[in-house]
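Sequence order for the protein chains is A and B.
Residues in the first sequence are numbered from 1 upward in steps of one, following our numbering.
Residues in the second sequence are numbered from 101 upward in steps of one, following our numbering.
Glycine included, each C-beta is placed from N, C-alpha and C at the ideal position.
See below for the structure under consideration.
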Amino acid sequence: MVSPSYYLTLSAILFGLGVIGFLFKRNIITLFMSIELMLNAVNLAFVTFSRQWGELSGQVYVFFVIIVAAAEAAVGLAIILLLARNRQTLNVERINLLKL
Amino acid sequence: MVEQFTFYFFAALAVISAVLVVTVRNAVYSAVFLITTLLATAGIFLQLRAEFLFVVQIILYVGGIMVLFVFVVMLVDLDVALRQVQFNRQKWVALLVVLAVAGQLVFALALGSEALGLPAAAPESLEPNTESVGLRLFESYMLPFEIASILLLVAMIGAVLLGKRQKPPRSEA
Numbered sequence: 001m002v003s004p005s006y007y008l009t010l011s012a013i014l015f016g017l018g019v020i021g022f023l024f025k026r027n028i029i030t031l032f033m034s035i036e037l038m039l040n041a042v043n044l045a046f047v048t049f050s051r052q053w054g055e056l057s058g059q060v061y062v063f064f065v066i067i068v069a070a071a072e073a074a075v076g077l078a079i080i081l082l083l084a085r086n087r088q089t090l091n092v093e094r095i096n097l098l099k100l
Numbered sequence: 101m102v103e104q105f106t107f108y109f110f111a112a113l114a115v116i117s118a119v120l121v122v123t124v125r126n127a128v129y130s131a132v133f134l135i136t137t138l139l140a141t142a143g144i145f146l147q148l149r150a151e152f153l154f155v156v157q158i159i160l161y162v163g164g165i166m167v168l169f170v171f172v173v174m175l176v177d178l179d180v181a182l183r184q185v186q187f188n189r190q191k192w193v194a195l196l197v198v199l200a201v202a203g204q205l206v207f208a209l210a211l212g213s214e215a216l217g218l219p220a221a222a223p224e225s226l227e228p229n230t231e232s233v234g235l236r237l238f239e240s241y242m243l244p245f246e247i248a249s250i251l252l253l254v255a256m257i258g259a260v261l262l263g264k265r266q267k268p269p270r271s272e273a
């Protein structure tokens with residue numbers, strides 16, 4: 001039986017890597033991937049606590065988090081396509097206007 | 101013993117590929133390593149006896165979202181992005197924020213699992229997993245479930261509208 005703190009440590013490491021990627025990278029697609037990484041780490045913590053408490057609600061929440069991630073990825077990637085088409089760049093430092 | 105071995109295997113796989121997601125230059129490689137991380141997490145879900153989420157993770161995340169990512173990477177012109185500088189100029193601010201987050205996490209973990217007030221694991225109550233999650237989803241979480249489906253519909257319509265090429269405005273002669 002692996003102790004729950006091991007799973008939580010893994011979750012924290014993955015979340016930290018997501019934060020690093022989000023703050024340091026410039027390519028907007030990689031930023032999106034870092035967000036997915038963070039969501040994934042949070043899901044891992046949810047499942048760990050759900051197992052530890054013997055409570056299913058945590059797993060249901062993870063299901064909803066995955067649904068929201070899917071919706072976010074669909075809309076976000078459409079926006080990225082528009083940006084790439086209209087601005088010819090994926091660098092977030094160049095994308096500083098809401099107006100296309 | 102076997103359990104610990106599988107945990108360390110999946111954890112190492114997840115962490116190494118997550119590091120590569122952040123450090124690799126090419127976005128296609130990043131996507132592939134992110135898929136590896138998600139699969140390793142799916143393995144850990146299985147080890148935590150969340151079979152339903154294991155399947156959902158593979159079908160929805162790896163099969164759905166990541167395919168979407170790879171499609172977008174294909175559609176977008178990456179040659180321009182590859183030649184640009186990959187990392188931000190605000191290095192020190194970013195480093196400060198990362199250190200703050202890491203410090204909080206380390207502090208929370210140093211308090212140990214006793215500080216969380218966790219009970220000893222209750223392994224038997226979650227079986228059979230898929231059936232109980234389904235029942236829970238359609239009994240207590242019926243309304244959020246419906247809202248989630250509406251959210252997916254709205255996201256789909258929005259993505260289609262955004263992705264549509266605008267026709268040139270008709271000239272009124």
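- For the pair Leu252 (chain B) and Leu81 (chain A), the CB atoms are not nearer than the 9 Å cut-off.
- Across the set A:Val68, A:Ile20, A:Val47 and A:Phe32, the C-alpha of A:Val68 shows the shortest separation from the C-alpha of Ala255 (chain B).
- Residue pairing by DSSP puts Asn27 (chain A) in a beta bridge opposite A:Asn91.
- Closest in C-alpha terms to Leu113 (chain B), from the list B:Tyr241, B:Glu151 and B:Ala140, comes B:Ala140.
- Annotation: the stretch 137-167 of chain B contains the following complete segments of the alpha helix (DSSP H) (minimum length 4 residues), in chain order: 151-156.
- Close to Val19 (chain A), with beta-carbon spacing below 8 Å, are these residues of chain B in chain order: Val197, Val198 and Val201.
- Flagged as an interface residue toward chain B: Asn43 (chain A), by a C-beta distance shorter than 9 Å.
- Of all residues in the stretch 246-261 of chain B, those with a C-beta nearer than 7 Å to a C-beta of chain A are Ala248, Leu251, Leu252, Ala255, Met256, Gly258 and Ala259, reading in chain order.
- Counting the other CB atoms within 10 Å of its CB gives Ala248 (chain B) a total of 16 or more, which places it among the buried residues.
- Contacts with chain A (Cβ-Cβ distance below 8 Å) from the stretch 113-134 of chain B involve Ala114, Val115, Ala118, Val119, Val121, Val122, Ala127, Ser130, Ala131 and Leu134, listed in chain order.
- DSSP places Arg85 (chain A) within a helical segment (H, G or I) once states are collapsed to three.
- In the DSSP assignment, Glu246 (chain B) falls within the alpha helix (DSSP H) that extends over Met242 to Gly263.
- Measuring C-alpha to C-alpha distances from Leu146 (chain B) to each of B:Leu237, B:Phe110 and B:Arg125 identifies B:Phe110 as the nearest.
- Across the stretch 1-14 of chain A, CB contacts with chain B closer than 8 Å involve Met1, Val2, Ser3, Pro4, Ser5, Tyr6, Tyr7, Leu8, Thr9, Leu10, Ala12, Ile13 and Leu14, in sequence order along the chain.
- For Val260 (chain B), the closest of A:Leu77, A:Glu36, A:Glu93 and A:Ala84 by C-alpha to C-alpha distance is A:Leu77.
- Chain order gives the chain B residues near Val47 (chain A) as Phe145, Leu148, Ala150 and Leu153, where near means a beta carbon separation below 7 Å.
- Assigned with DSSP and collapsed to three states, Glu231 (chain B) falls in helix.
- Counting only Cβ-Cβ distances below 9 Å, Val62 (chain A) has contacts in chain B at Phe145, Ala150, Leu153, Val156 and Gln157, in chain order.
- In the three-state reduction of the DSSP assignment, Ser3 (chain A) falls in the coil class, being assigned neither a helical nor a strand state.
- DSSP places Gln190 (chain B) in the coil class of the three-state scheme, outside both helix and strand.
- At least 9 Å separates the CB of Asn96 (chain A) from every CB of chain B.
- Here the C-alpha atom of Val121 (chain B) lies approximately 24 Å from the C-alpha atom of Gln88 (chain A).
- The residue among A:Ile95, A:Ala73 and A:Arg85 with its C-alpha nearest the C-alpha of Ile35 (chain A) is A:Ala73.
- By the rule that beta-carbons nearer than 9 Å mark a contact, Phe109 (chain B) does not touch chain A.
- In the pairwise beta carbon analysis, the stretch 54-64 of chain A is classified as not touching the stretch 13-25 of chain A: fewer than three pairs are separated by under 8 Å.
- Non-local beta-carbon contacts of Ala41 (chain A) in its own chain, meaning distances under 7 Å to residues more than five positions away in sequence, involve Ser11, Leu14, Phe15 and Gly18 in chain order.
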